[in-house]
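**Student:** Counting from 1 along the sequence shown, just add 9 to a position and that's the residue number in my numbering.
Using N, Cα and C, we set each Cβ at its ideal position, and we do this for glycine too.
Being a predicted model, the structure only gives us computed values, none of them experimental.
Just passing along the structure, written as structure tokens.
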Amino acid sequence: MPTITYSTPGTYDVSLTVTNGSGSVSETKTAYIIVNHSTAQYANSIYSEGFEGATIPNTDFNVKNTNSGSNTWQQTTTAAATGTKSVRLMNSASYVGHVDELIGPSIDMTQIAGTTPTLTFKVAHAQKTSTSADKLQFYVSTNCGESWVLRKALTGASLSTAGVSSASFVPNASQWVTQSVNLNGYSSQTNLYFMFRFTSDGGNNIYIDDINISGTTIGVDELENNLNFNIYPNPANENTVIDFSLISKQTVDLKVMDVVGREVATIFNGTLNTGDYKYNVNEQAKLAAGVYFIKLTVDNRVFTKKLIVE
10 MPTITYSTPG
20 TYDVSLTVTN
30 GSGSVSETKT
40 AYIIVNHSTA
50 QYANSIYSEG
60 FEGATIPNTD
70 FNVKNTNSGS
80 NTWQQTTTAA
90 ATGTKSVRLM
100 NSASYVGHVD
110 ELIGPSIDMT
120 QIAGTTPTLT
130 FKVAHAQKTS
140 TSADKLQFYV
150 STNCGESWVL
160 RKALTGASLS
170 TAGVSSASFV
180 PNASQWVTQS
190 VNLNGYSSQT
200 NLYFMFRFTS
210 DGGNNIYIDD
220 INISGTTIGV
230 DELENNLNFN
240 IYPNPANENT
250 VIDFSLISKQ
260 TVDLKVMDVV
270 GREVATIFNG
280 TLNTGDYKYN
290 VNEQAKLAAG
300 VYFIKLTVDN
310 RVFTKKLIVE
């Protein structure tokens, strides 16, 4: 049997052809081999992903559909916690036992600022029946995905954010819930991967948005629920704006950071009264093509969004 070595990170199709005197038979498996990065893709003080950029899979996120078929993690514009896009799995059309994995990029956790690193994400899901037991699990890997450690699991009613719905589920704005995962035990890891694994029980659709890793736990409170922090359109053009709301007078610091956590530009620093605020990115910072993070600090609470400049 031939031996093939994949030395460059990426996702590869694999074809096998068998030939004898009667002819040839070929079979191709799409995205069958995934080669992960041996050094961190992100080494900055914060990490943020809102799925507003390239379609999934991309250079950051891989999808592993263990049962084949078209129902797996995909970018969608049907619903989003913020912005216009999220990732969705059309579980209402899946079968019991199907497993789909969404594998994120590698993070240098030693560069995450602050203490007690925490990953947060927003999820929206409904049960199809009161006994539906769809399961979402969150894993991390310290060896490039060779093995995975379970850090959080949500099943059935504990996963549902919108009760029971027999129709194909599409969340509204109030049906997104923030979940958090403590990563303090991995603060010394220089190449940490994370993964969402969904196991279907024949229930309803699931959506994920707004993944953040920071040294400050971002909890669900009145500030976050009313902040409405968003960047649009994204990827950026000359009309891209940063949008947020304040429900009380607050000290605000708004900065543009590069992918290694260096400050690129300060958009605003000072005190703002209650109200809605918009800042045109192009007017405040002349950015070259690349990936940036918009870091919004409100009353010592840090919120981040990824910005793509093409």
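Can you tell me which of the three DSSP states Y15 falls into?
**Tutor:** coil
**Student:** Between L201 and F253, how many whole angstroms is the CB-CB distance? I'm expecting something under 8 Å.
**Tutor:** Actually they do not touch by this definition, with Cβ atoms about 29 Å apart.
**Student:** Cβ of V96 within 8 Å of Cβ of Q188?
**Tutor:** no
**Student:** So if DSSP puts E272 in a beta bridge, which residue, or which two residues, is it bridged to?
**Tutor:** M266
**Student:** Taking C-alpha atoms, which residue in I317, R160 and T85 lies nearest to P244?
**Tutor:** I317
**Student:** Pull up the CB-CB distance for F147 and F205, whole angstroms please, since I reckon it's below 8 Å.
**Tutor:** Right, their Cβ atoms sit about 6 Å apart.
**Student:** Of all the options F203, E319, A182 and N291, which has the alpha carbon lying nearest to the alpha carbon of Q50?
**Tutor:** F203
**Student:** Determine the burial state of E110: buried for a count of at least 16 other Cβ atoms within 10 Å of its Cβ, exposed for fewer.
**Tutor:** buried
**Student:** Output yes or no for whether 8 Å exceeds the beta carbon distance between F207 and L98.
**Tutor:** Against a cut-off of 8 Å, the Cβ pair of L98 and F207 comes out as a contact.
**Student:** Can you list, in chain order, the residues of its chain with a C-beta nearer than 8 Å to that of K258? Leave out the 5 residues immediately preceding and following it.
**Tutor:** T280, L281, N282 and T283
**Student:** Less than 8 Å between C-beta atoms, sequence neighbours within five positions excluded: which residues of the same chain meet that for E155?
**Tutor:** none
**Student:** Return the CA-CA distance between R160 and L145, expressed in angstroms with no decimal places.
**Tutor:** 11 Å
**Student:** Use the C-beta contact count for M118: other C-beta atoms within 10 angstroms, 16 or more gives buried, fewer gives exposed.
**Tutor:** buried
**Student:** If you drop the 5 nearest sequence neighbours on each side, which residues of the same chain put their C-beta closer than 6 Å to that of T275?
**Tutor:** K264
**Student:** When burial is assigned at 16 or more other CB atoms within 10 Å of the CB, is L255 buried or exposed?
**Tutor:** By the neighbour-count rule (16 or more Cβ atoms within 10 Å), L255 is buried.
**Student:** What does a CB cutoff of less than 6 Å around W185 pick up in its chain, not counting 5 residues either side in sequence?
**Tutor:** Answer for W185: A90, K131 and A133, listed in chain order.
**Student:** Can you tell me whether L25 is buried or exposed, with buried defined as 16 or more other CB within 10 angstroms of its CB?
**Tutor:** exposed
**Student:** Excluding sequence positions up to five away, which residues of its chain have a Cβ less than 6 Å from the Cβ of K246?
**Tutor:** It should be pointed out that residue 246 corresponds to Asn in this sequence rather than to Lys. Around N246, the same chain offers no residue with a beta carbon nearer than 6 Å, after the five sequence neighbours per side are excluded.
**Student:** If you reduce the DSSP assignment to three classes, tell me which class Y195 lands in.
**Tutor:** helix
**Student:** Which of the three DSSP states, helix, strand or coil, is assigned to N74?
**Tutor:** strand
**Student:** Taking the alpha-carbon positions, what's the T354 to N214 distance?
**Tutor:** Because the chain is modelled from 10 through 319, residue 354 falls outside the range shown and cannot be assessed.
**Student:** Below 8 Å on the Cβ atoms is my contact criterion, and I expect G211 with V105 to pass it. Report the Cβ-Cβ distance as a whole number of Å.
**Tutor:** 5 Å
**Student:** For S196 and I121, I'd like the C-alpha separation in whole angstroms.
**Tutor:** 8 Å
**Student:** For T260 versus I55, is the C-beta spacing smaller than 8 Å?
**Tutor:** no
**Student:** So the candidates are R271, N278 and N191; which of them puts its Cα closest to the Cα of T308?
**Tutor:** It is worth fixing the name first, because residue 308 is Asp in this sequence and not Thr. That would be N278, whose Cα lies nearest to the Cα of D308.
**Student:** For V27, which beta-bridge partners are listed by DSSP?
**Tutor:** V34
**Student:** From G113 to G32, what does the alpha carbon distance come to, in whole angstroms?
**Tutor:** 42 Å
**Student:** Can you find the residues in the same chain that come closer than 8 Å, C-beta to C-beta, to I227, ignoring five residues on each side of it along the sequence?
**Tutor:** For I227, the predicted model reports a pLDDT of 47, less than 50, meaning its position is unreliable; a value from the coordinates is still stated below. Contacts found: T127, T129, T187, S189, N221, E233, R310, V311 and F312.
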